[in-house]
Amino acid sequence: MDIPSNSTILCAGGLILLWWLYGLVKDRQNNPNRLPLPPGPKGYPIIGSLFDFPIQKSWLVYDKWFKIYGDMIYFEVLGQPFLVLGSVKRTYDLFERRSSNYSDRPRLPMVNEMMRWEYILTFLPYGGWWRRQRRVFHDYFHPNIVHNYHNIQLNTTRAFLRRLLKSPDDFVLHIRHAFASTIIKVAYGITIEEENDPLATNAEISLEGLTEAGNPGSFLVDLFPIIKYVPDWFPGAGWKRKAARWRHFNKLLREGGWGQVKDRMKAGTAEPCIATAIIGKTLDEGTPDSAEEELVGRDVCVVALLGGADTTVSTVQSFFMAMCLYPEAQKKAQAELDNVLGGRLPEFNDRPNLPYINAMVKESMRWQLVLPLGVAHMCTNEDEYDGYYIPKGTIVIGNGWTILHDPEVFENPHTYNPDRYLKDGKIDPTVRDPSVASFGFGRRICPGRFLSDNSLFSIIAHVLAVYDIRPGLDKDGKEIEVKPEMTSGLLSYPERFACRITPRTKNAEDLINNSGLLMD
């Protein structure tokens, strides 16, 4: 947590005391049945569980709390109520069955106001504007449409193979480039630079900010909103300078790609893409709402870029880590690929014949979750659930990490084991699919999940068809231990690790070098 100086906190103390007293009175009025609050750490008057509030890898802290309090934990921090859910039953009951009351987002001053992310689908309040963006996003990313992007995904994947051949030690940079290249081509019809592409860089820096600030309470301004008014020079206000930097790149991201497309359309050089389709549609219709529809389209492309350029990157990094740690899984996958492909590169129509690769896609999503806590929801109105009272404005979090590491569902959950999804050589539909928690919950589930799933399949199948992945070597030629450790934040990434990526055979190397561009 980025903590301001004591003087800043003291300035807000009196107001917080008044707010706390007001909250006590209001809660009594809104809870006429005097139902208890859900179980959880009790905390102290006024500050609540401030000293217990987890910031670093909070999903692991909550996982320990579930063992003490059960699969639903309630606590308060400075008068702000939190509810953390740790089972499929709880997330389904609230986010699905009571979605009208649990589909809003909390107002996070750092993200929404200081960094100005209030316009994107991810953080929009539940309501009319959110529905408009969601509808447009769905028009271009639903399951019956994403097949239109297969050739783009194959081209970027095969370019990724060639980049790996030239500089395998830079595999993380190449992974980032591959996913940025895919989504920027899909959204804007732009082929990005080999290095230091402005659009990709703006997206990466913007996501750095969201990763650091996206979980409620990551910055104290989320809990002390009044300190957003302190001047930048005030002691302890370094967080404001961070926000200003991220806000700058947010603006560049929002205007850059869309502006380039409009310029290219005027010049007659734009390639077909989501942006040209939306702009063309608004020009053709020429209705009073056309200007608003263009704004919706612009912001939808930003959401696609953020989701596609970096979030799946973490899953692919985790896949490379798993291949270093579990060579037997790698060998099984390669044997299946060799049997089906017969010495060629994979295509999407091979997918039904590659059950182990499909299981590997699922396990890669489950093993090290990209968004362990998803994006927080908010309870719009006070509620009564399972004999408990849930106050209005409660921040409600689904702990996807716990759900996908439940030992009663997944035997040895910390082990990477694609076989857990297979039965008689086919995907076992009775095994919990990671999608119940890996893409969010309820009406706020990630609408880009179908494109993401296709990209994961393409990367995993192509890489294992032509490469062997092993732990890196130290200066003495000994393998460097790979530890499955992850970073903290809204998005979680593998900590840096070394691996060797080498072509499996001379024929595999030839396939990499001769993989040409596929045309639409």
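One point on numbering: in the numbering used here, the residue at position 223 of the sequence shown is 653, and numbering is uninterrupted. Each residue gets a CB set at the ideal place from its N, CA and C atoms; glycine is no exception.
Do residue j and residue i have their beta-carbon atoms positioned less than 8 Å apart in this structure?
i    : j    : result
P848 : Y786 : yes
N751 : P598 : The residue asked about is misnamed: residue 751 is Met in this sequence, not Asn. Against a cut-off of 8 Å, the Cβ pair of P598 and M751 comes out as no contact.
T824 : L513 : yes
I899 : I931 : yes
G828 : F483 : no
E909 : L903 : yes
Y492 : P469 : no
I890 : S744 : no
P646 : A806 : yes
Y897 : L650 : no
Y549 : D729 : yes
D501 : R528 : no
A789 : L834 : no
V800 : G644 : no
Apply the 10 Å Cβ neighbour rule to residue i and answer buried if 16 or more other Cβ atoms are within range, or exposed otherwise.
i    : result
K403 : What the structure shows of the chain is the stretch from 431 to 950, and residue 403 is not part of that stretch, so it cannot be assessed.
K792 : buried
F481 : exposed
H844 : exposed
R458 : Its pLDDT being 48, under 50, R458 is placed unreliably in this model, and the value from its coordinates should be taken loosely. Classification of R458: exposed, given that the 10 Å Cβ count is below 16.
Y851 : buried
I575 : exposed
N937 : exposed
P661 : exposed
H568 : exposed
Y659 : exposed
S648 : buried
P665 : exposed
D652 : buried
K696 : exposed
T438 : Caution is warranted here: a pLDDT of 47 is assigned to T438, below 50, making its placement in the model unreliable, and no coordinate value can be reported.
H572 : exposed
Helix, strand or coil, according to DSSP, for residue i in the structure here?
i    : result
M790 : helix
R458 : At R458, the pLDDT of 48 sits below 50, so the modelled position is not reliable; the number obtained from the coordinates is stated separately. Note: R458 maps to helix in three-state DSSP.
T621 : coil
G478 : strand
I550 : coil
N937 : helix
F525 : helix
I582 : helix
C929 : strand
Y818 : strand
D534 : strand
Y923 : coil
H577 : helix
F664 : coil
E389 : Past the boundaries of the shown model lies residue 389; the chain is included only from 431 to 950, so the question cannot be answered.
I439 : Annotation note: pLDDT 49 at I439 (below 50); position unreliable, coordinate value reported separately. The answer is helix: DSSP assigns I439 an H, G or I state.
L775 : coil
E766 : helix
L852 : strand
F567 : helix
N943 : helix
F483 : coil
I875 : coil
The beta strand (DSSP E) with residue i in it runs from where to where?
i    : result
I827 : 825-828
D898 : 897-901
Q510 : 510-515
M544 : Neither: M544 is in no beta strand (DSSP E) and is coded neither H nor E.
On the premise that residue j lies in contact with residue i, defined as a C-beta separation below 8 Å, what is that separation, rounded to the nearest angstrom?
i    : j    : result
S636 : I622 : About 16 Å separates the two Cβ atoms, so there is no contact after all.
N680 : M545 : 6 Å
V732 : R684 : 5 Å
V726 : G619 : Contact flag wrong, Cβ pair sits at about 19 Å.
V602 : Q747 : 6 Å
R879 : F869 : 4 Å
N884 : Q583 : 6 Å
T741 : L921 : 6 Å
R686 : P628 : This sequence places Gly at residue 686; Arg is not what is there. About 7 Å; that satisfies the 8 Å criterion.
C703 : V616 : 7 Å
From which residue to which residue does the alpha helix (DSSP H) around residue i run?
i    : result
E701 : Here E701 belongs to no alpha helix (DSSP H), and DSSP marks it neither H nor E.
E642 : 628-643
F505 : From DSSP, F505 is part of no alpha helix (DSSP H) but of the beta strand (DSSP E) over 502-507.
L755 : 742-755
G686 : 668-697
D729 : 720-736
S488 : 488-499
V912 : Unbroken run through V912: none, as it is neither H nor E.
S865 : 865-868
When every heavy atom of the ligand HEM is checked, does at least one fall within less than 7 Å of the C-beta of residue i?
i    : result
K487 : No copy of the ligand HEM appears in this structure; indeed no ligand is present at all.
Measure from the C-beta of residue i to each C-beta in chain B and report whether the shortest distance is under 8 Å.
i    : result
E625 : No chain B is part of this structure, which consists of one protein chain only.
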